[in-house]
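In the numbering used here, the protein residues as written are 394 to 525.
Backbone N, C-alpha and C fix where the C-beta goes; we use that ideal spot for every residue, glycine too.
Structure (structure tokens):
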């Protein structure tokens, strides 16, 4: 990954589809993803990894089988590996996800919502190159 400064707001402004994660950057063997969410996702698990959600804008409900976890701006929640969950956003949410590289968004469920990780398609405006 480049050593350029990345701006989450600018990155999210380039995303047009919900539930389509885009790699913002990588650190070690993890991807930092930005995503817009709206509606209900699918119930799924990630058998081999935890999944971290950080809400930047909006309100996200992580439905678990025994409770709902409601996240607002700047809230972070980690879904432990193997725990079935279903994210739901009644209105558009902007979020960061931290997951090991190669993690599939629908986990073990598959289906129509499975999305390949996408790269951001345009340079982030106002990003500073640290090589100067």
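> By Cβ distance, which residues of its chain are closer than 6 Å to residue 502, with the 5 residues on each side in sequence left out?
Replying inline: Sequence index remark: in the chain shown, residue 502 carries index 109 (1-based). Within the same chain, residue 502 has close Cβ partners 435 and 437.
>> Taking the straight line between their C-alpha atoms, what separation do you get for residue 510 and residue 445?
In response: Position 117 of the chain shown, counted from the start, is the residue given in the question as residue 510. Position 52 of the chain shown, counted from the start, is the residue given in the question as residue 445. If I take the Cα positions, the gap works out to 16 Å.
> If you follow the alpha helix (DSSP H) that residue 402 is part of, which residue opens it and which one closes it?
Replying inline: Stepping through the chain shown from its first residue, residue 402 is reached at position 9. Run containing residue 402: 401 to 406, per the alpha helix (DSSP H) assignment.
> Based on the DSSP secondary-structure assignment, which residues constitute the bridge partners of residue 451?
Replying inline: Walking along the chain shown from the start, residue 451 turns up at place 58. DSSP output for residue 451 lists no bridge partner at all.
>> Within a Cβ cutoff of 8 Å, which residues of the same chain sit near residue 461, ignoring the five residues on either side of it in sequence?
In response: Here residue 461 refers to the residue found at position 68 of the chain shown. Once the five neighbours on either side are set aside, the close Cβ partners of residue 461 are 454 and 455.
> Roughly how many angstroms separate the alpha carbons of residue 507 and residue 465, rounded to a whole number?
Replying inline: Residue numbering aside, residue 507 sits at position 114 when the chain shown is read from its first letter. Residue numbering aside, residue 465 sits at position 72 when the chain shown is read from its first letter. Looking at the two C-alpha atoms, the distance is approximately 25 Å.
>> One question on the structure: do residue 415 and residue 512 come within less than 8 Å of each other, judged by their Cβ atoms?
In response: Counted from its first residue, the chain shown places residue 415 at position 22. Counted from its first residue, the chain shown places residue 512 at position 119. Against a cut-off of 8 Å, the Cβ pair of residue 512 and residue 415 comes out as a contact.
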